[in-house]
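Numbering of the sequence shown is given in numbering that gives the first Met the number 0, commencing with residue 0 and proceeding in unit increments. Backbone N, C-alpha and C define an ideal beta-carbon position, used for all residues, glycine too. See structure below.
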Amino acid sequence: MKKILLLIIVIASVLLFLSGYRLTALSAAKANFFMTPEYKNVEKIQEEHDIFYLFKSDKKEIYQTVLVQKNAFLYKRVYATSISSTNDSLETIGGMSYRLNHEGTLFVVLSHDENVSYITINSKQGIIKKSIEHSKLVSFYIPYAQQIDLLEAVAYDKNDRPIYYYGYDDADNLRWNHVDE
Numbered sequence: 000m001k002k003i004l005l006l007i008i009v010i011a012s013v014l015l016f017l018s019g020y021r022l023t024a025l026s027a028a029k030a031n032f033f034m035t036p037e038y039k040n041v042e043k044i045q046e047e048h049d050i051f052y053l054f055k056s057d058k059k060e061i062y063q064t065v066l067v068q069k070n071a072f073l074y075k076r077v078y079a080t081s082i083s084s085t086n087d088s089l090e091t092i093g094g095m096s097y098r099l100n101h102e103g104t105l106f107v108v109l110s111h112d113e114n115v116s117y118i119t120i121n122s123k124q125g126i127i128k129k130s131i132e133h134s135k136l137v138s139f140y141i142p143y144a145q146q147i148d149l150l151e152a153v154a155y156d157k158n159d160r161p162i163y164y165y166g167y168d169d170a171d172n173l174r175w176n177h178v179d180e
């Protein structure tokens, strides 16, 4: 009887492991075929029940955003998205919208421009404004699913002048664009 119980436990553990379940959130985020050793953890963002990890591969010039959720005592990767690194003055390094047993949207921006003072996005609750510093990132989380290209994100200088907007450029690339004066 003990051998059968032990065998059941081993089989269940192997199946959970193969299904992507892990003991820690970070190990669950890394438990993906695309997550090769050159990916470095950039940031961990926790919003309500959701844990997001941002990874960067300098070799592939890609950022990965991974959503991890806790199920009982184990963690599992739920979604993953990728965004190409652009080295623009403002760089979107993470973003996803999702619908599970609840909804959410994450939008993460890294500033390489000393003139950018704050960023706003438009949400159902109104305008959300967050300060940002040079070489720092800022994350926005809203508790409903919204395509990140529809967030109407705008970056402002210290004099409240818009200097960048997030949208499609002439080549149909989604990125931060200079506001034409």
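Can the beta-carbon of residue i be found less than 7 Å from the beta-carbon of residue j?
| i | j | result |
| --- | --- | --- |
| V67 | K55 | no |
| L136 | L109 | yes |
| I194 | S122 | Given a span of 0 to 180 for the chain in the structure shown, any question on residue 194 remains unanswerable. |
| G93 | V107 | yes |
| K43 | Y52 | yes |
| Q63 | S84 | no |
| L173 | Y167 | yes |
| A170 | I120 | no |
| D87 | W175 | yes |
Have a look at the options and flag the residue whose alpha-carbon is nearest the alpha-carbon of residue i.
| i | options | result |
| --- | --- | --- |
| H111 | A11, M95 and L89 | L89 |
| H133 | Q145, Y78, N114 and V9 | N114 |
| M95 | W175, S26, Q145 and G19 | Q145 |
| A187 | N176, Y78 and I7 | With the chain represented from 0 up to 180, any question about residue 187 goes unanswered, as that position is not in the structure. |
| F33 | L150, L149 and V65 | V65 |
| G19 | L99, K69 and R98 | K69 |
| E37 | I61, V178, I3 and I7 | I61 |
| T91 | L150, K39, R98 and L99 | L150 |
Please report the Cβ distance between residue i and residue j, rounded to the nearest whole angstrom; I am assuming they are in contact, meaning their Cβ atoms lie under 8 Å.
| i | j | result |
| --- | --- | --- |
| Y204 | K129 | Examination of residue 204 is not possible in this model, given that the chain is present from 0 through 180 alone. |
| A30 | R21 | 6 Å |
| I127 | F139 | 6 Å |
Based on the DSSP output, what are the partners of residue i in its beta bridges?
| i | result |
| --- | --- |
| G125 | S122 |
| V108 | T91 and V137 |
| Y97 | G103 |
| N176 | Y164 |
| E46 | D49 |
| K39 | K55 |
| K69 | Y74 |
Between the segment 60 to 75 and the segment 150 to 168, are three or more C-beta pairs nearer than 8 Å? Flag = no, the segment 60 to 75 and the segment 150 to 168 do not touch.
Three or more C-beta pairs below 8 Å linking the segment 90 to 104 and the segment 44 to 62: yes
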